[in-house]
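Going letter by letter, the sequence shown gives residues 1068 to 1503 in my numbering. C-beta: ideal position from N, C-alpha, C; glycine also.
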Amino acid sequence: MSEKTPPAPAPASPAAPPNAIFRAEALKRFNSPEQLDQRIRLIPPAMRVMAASATVIVVACLVWGIFGSVPTRVIGQGVLLADGRASHTVQPVVSGPVVEILVKRGDHVKEGELIARIQQVSLDTQLASNKSRVASLETHLARLKKAHEQELAKSAVTYQRQKEAAEEQITAGKSRADRLRDIVAGEEGLAKRGIISQLELANARAQYDQTMLDVANAHARKVQIEASEQQKQDDLKEVERQKQEEIDSLQAEGARLQAEVNIGSAVKAPVHGVIEEIRVGRGDVVSPGTVLATIGQVSPQTFEVLAVFTNNMSKRIGEGMDVHVRPASVRKEEHGSMRGRVASITELSVSKAELDSILRNSELTNDLMGGTSPLLAKIEVFRDKGTPSGFAWWGGQGPPFSVTRGTRVDVDVIVERRSPVALIIPAFRNLIGVEG
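The following block contains the structure:
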């Protein structure tokens, strides 16, 4: 067979314009069937994935909006109690630095057992001054008594001499009076017979009367001497008594100060239990109301949460509603919340005194009250021995550590569940101005 020789290309016309070449090439490519079998891509693959994802999301939202639910929560705060009681607080009754702490965390203590000692600087100073004053007065009184004894001994000699002189005068006077009595009796008989005159009889009687008067005066002097001696003794004893009364008064004041020091300085356990927390150290200055330590029960049987609600929606809380309890020591994002259920809730607001009578912790009471009058609820928490914390949790095992009594918690009470559509429709009606 003879091969066909392809025709030679026609030479380009030199008279054709330059842009005519591009028009010819475009016409050639347009008439060529090389790319007629390729698809035209109107939507890129990435856009198709995005469209599919958006469709799935929209469908999921529609399903959730119709069949899902949105909970209405009332948030409060509270504390975990054991057997219906919070941990007891140990507080001093006086101000001063802590000089000694006699217990440590985990120790078991009995009611009345010494927990710590507080130094009362002011009372200690007063007590030391009192003791010094008492010692000084006692020394002074001892010296005074010794001086009084010496003075009484000297005066006793003088008084004894004076009394002996008076006794001698009395004895001599009585003897003379006896003689003069006999003389007067004899002269009375002589005077009757006229042997002596009445003047002589009168003189004899006068001598007798004077002698009796001297005897009486001597008796009076003796009595006065004895009275003076007794008065001197009484005066000295009165001085000693006054000094002793001053000492007794200071000693009584010292006993009172010592009792205050003993009572105030000794911080004792108010109840039997175990030391859960020690909040102060040696040297810390404390005052009445400061919490030194907390004491919990040894083996609690039941646990519950005592919670307060200040929200206006707290009136909607009822018994049996589910509660999410979030301990302050647990991160909700990691471990969730404890399962709880409303056991009871007060109809009226509670006072600070009422809450403090349950908690017995003024600091915790003030934190929970927050200057308001909230409703008080008791929330039952569920136990689960299979979890490290000992409590049941809303999904999961909870934290890998125990949750102890006295732990501060936040609580969410689910008071209502509504579908999203039920929430959106009223909002949409309000937006477009349709009532009903």
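Terminal residues of the beta strand (DSSP E) in which residue i lies
i       : result
Arg1228 : Counting along the chain, Arg1228 falls outside any beta strand (DSSP E), though it belongs to the alpha helix (DSSP H) covering 1188-1260.
Ala1360 : 1360-1363
Met1436 : Taken as a continuous stretch (DSSP letters only), Met1436 belongs to no beta strand (DSSP E), being part of the alpha helix (DSSP H) at 1429-1436.
Leu1373 : 1370-1376
Gly1462 : Gly1462 -> no beta strand (DSSP E), and no H or E assigned at all.
Thr1156 : 1155-1157
Contacts around residue i, its chain only, beta-carbon distance under 6 Å, and the 5 residues preceding and following it disregarded
i       : result
Val1352 : Pro1164
Leu1303 : His1215
CB-CB length for residue i against residue j, believed under 8 Å
i       : j       : result
Thr1474 : Val1157 : Going by Cβ atoms, the distance from Thr1474 to Val1157 rounds to 18 Å, so no, they are not a contact pair.
Ile1540 : Val1166 : Coverage of the chain is limited to positions 1068 through 1503, which leaves residue 1540 absent and any answer about it impossible.
Pro1441 : Ser1416 : 6 Å
Arg1272 : Val1251 : 5 Å
Thr1361 : Glu1344 : 4 Å
Pro1394 : Val1341 : Pro1394 to Val1341, Cβ: 20 Å. No contact.
Gln1144 : Leu1435 : 6 Å
Lys1445 : Leu1373 : 6 Å
7 Å CB neighbourhood of residue i in its chain, flanking five on each side removed
i       : result
Ala1077 : Bear in mind that a pLDDT of 46 at Ala1077, under 50, signals an unreliable position, so the number given afterwards is only what the model happens to contain. Excluding positions up to five away in sequence, the list is empty.
Lys1335 : Gly1179, Glu1180, Leu1181, Ile1182
Glu1447 : Glu1371, Gly1407, Arg1408, Ala1410
Glu1327 : Leu1190
Asp1389 : Arg1408, Ile1481
Rounded C-alpha distance that separates residue i from residue j
i       : j       : result
Val1478 : Val1126 : 34 Å
Gly1462 : Thr1377 : 28 Å
Glu1257 : Asp1245 : The sequence shown places Leu at residue 1257, not Glu. Cα-Cα distance, rounded: 19 Å.
Gln1297 : Gln1311 : 20 Å
Glu1430 : Ser1404 : 26 Å
Asn1329 : Ala1319 : 15 Å
Glu1421 : Val1375 : 12 Å
Lys1259 : Glu1267 : 12 Å
His1207 : Ser1154 : 55 Å
Ala1079 : Arg1115 : Confidence at Ala1079 is low in this model, with a pLDDT of 46, below 50, so its placement is unreliable and the value that follows should be read with caution. Spanning the two alpha carbons is a distance of roughly 50 Å.
Gln1217 : Leu1317 : 28 Å
Gln1325 : Tyr1226 : 48 Å
Lys1213 : Glu1307 : 11 Å
Local conformation of residue i per DSSP, three classes
i       : result
His1339 : coil
Ile1384 : coil
Thr1122 : helix
Leu1181 : strand
Glu1414 : coil
Ala1127 : helix
Lys1452 : coil
Ala1113 : helix
Residue i: first and last residue of the uninterrupted alpha helix (DSSP H) it sits in
i       : result
Thr1278 : 1265-1332
Leu1426 : 1419-1426
Lys1399 : 1399-1402
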